[in-house]
Amino acid sequence: MSYTPPPSGYLVPAAPGSGPRPSTVSLSALLLYVISAVLVISSAISVYTFASMPDGVIEDIYRDAGMDSSLAETSAAAASIGSYAGAAVYVLLAVLFVVLGLFVGRGKQWARITTWVLAGIGLCCVGFGLAFQSVGSSFGTSNTGGIDQAEVTERLAAAMPSWSAVVSTGLSVVLLLSMLAVIIMLALPPSNAYFRKPAPEWTPPAYPTV
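Residue numbers (the numbering used here): 48 to 257.
So this is what it looks like as structure tokens:
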């Protein structure tokens with residue numbers, strides 16, 4: 048009589064993402080890379096826009112709108128710093144979306160949840176930004192502290208390259224649609240099955256054989 052020892056483990060859990068990857072997940076990962084590329088392009092446009100302005104033009108705009116010289120200089124410096132800081136944040140987010148794209152494609156549940164959170168926040172921010180941009184003229188006619196905000200906005204827009212506003216709006220629309228598509232596709236049944244951890248498979252023990 049011979050005896051075959053039982054296997055080392057009776058429960059063999061299958062890892063999520065180990066099966067065939069559905070097209071919804073593949074397309075979601077691709078769109079995350081698209082979002083990353085759009086963020087990098089937006090960052091480059093922001094930096095180029097401020098770098099291409101003549102020296103002192105922003106200060107002159109604030110000064111002509113009614114600010115004193117010291118406040119105009121401070122506001123211009125803050126606008127420049129804010130532009131470069133925003134560009135740096137966009138680059139960091141772009142790197143994060145690339146990482147999420149890699150792990151979403153591998154079926155990592157934490158990556159899917161993080162993608163939902165970031166894409167949801169981004170969807171709100173970009174959507175509100177586009178909505179405010181479309182109706183901005185109706186809110187920019189008031190004076191604040193003697194400063195004509197409408198004049199400041201119009202002159203700042205005129206000082207920027209003529210193509211920057213159109214390209215930025217187009218990129219924002221791409222971001223909006225891409226984030227919305229990612230959120231929806233990662234919630235579809237094929238994606239759920241791919242990210243769900245299957246139940247452990249039970250392997251019966253081996254018994255002595257004669």
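Glycine included, each C-beta is placed from N, C-alpha and C at the ideal position.
Just so it is clear, the structure is predicted and the values come from calculations on it, not from any experiment.
Any idea what DSSP makes of residue i, helix, strand or coil?
i: S238; result: helix
i: S75; result: helix
i: G187; result: Residue placement at G187 is poorly supported in this model, since its pLDDT is 48, which falls under 50; the coordinates are not used for a value here.
i: P67; result: coil
i: S89; result: helix
i: S99; result: coil
i: V59; result: Bear in mind that the predicted position of V59 carries a pLDDT of just 47, short of 50, making it unreliable; the figure below should be weighed with that in mind. Strand, per DSSP.
Apply the 10 Å Cβ neighbour rule to residue i and answer buried if 16 or more other Cβ atoms are within range, or exposed otherwise.
i: R243; result: exposed
i: L139; result: exposed
i: F179; result: exposed
i: F175; result: exposed
i: S117; result: exposed
i: A158; result: buried
i: G133; result: exposed
i: I105; result: buried
i: S18; result: This structure gives no information on residue 18, because the portion of the chain shown stretches from 48 to 257.
What residue range is occupied by the uninterrupted alpha helix (DSSP H) comprising residue i?
i: M226; result: 209–232
i: S127; result: 116–152
i: R262; result: Residue 262 is absent from the structure shown; the chain starts at 48 and stops at 257.
i: D111; result: 104–111
i: R159; result: 156–181
What number of angstroms, rounded off, separates the C-alpha of residue i from the C-alpha of residue j?
i: G167; j: I231; result: 11 angstroms
i: S130; j: L77; result: 28 angstroms
i: S184; j: L203; result: A caution first: S184 carries a pLDDT of 49, below 50, which makes its placement in the model unreliable, though a value can still be read off. Whole-angstrom Cα-Cα distance: 14 angstroms.
i: S7; j: A124; result: Any question about residue 7 goes unanswered here, given that the chain covers just 48 to 257.
i: R68; j: A135; result: 33 angstroms
i: S83; j: G154; result: 19 angstroms
i: Y241; j: L227; result: 20 angstroms
i: L218; j: F144; result: 16 angstroms
i: S70; j: L233; result: 10 angstroms
i: T200; j: Q156; result: 44 angstroms
i: Y80; j: I88; result: 12 angstroms
i: D107; j: E120; result: 9 angstroms
i: S220; j: S211; result: The residue asked about is misnamed: residue 220 is Val in this sequence, not Ser. C-alpha separation (whole angstroms): 14 angstroms.
i: T188; j: F150; result: For T188, the pLDDT reaches just 48, beneath the cut-off of 50, and the residue's location in the model is therefore unreliable, although a value from the coordinates is still provided. Approximately 47 angstroms, taken between the alpha carbons.
Under 8 angstroms from any heavy atom of the ligand NAD, does the C-beta of residue i make it?
i: V104; result: Within the structure as shown, the ligand NAD is missing, as the structure has no ligands at all.
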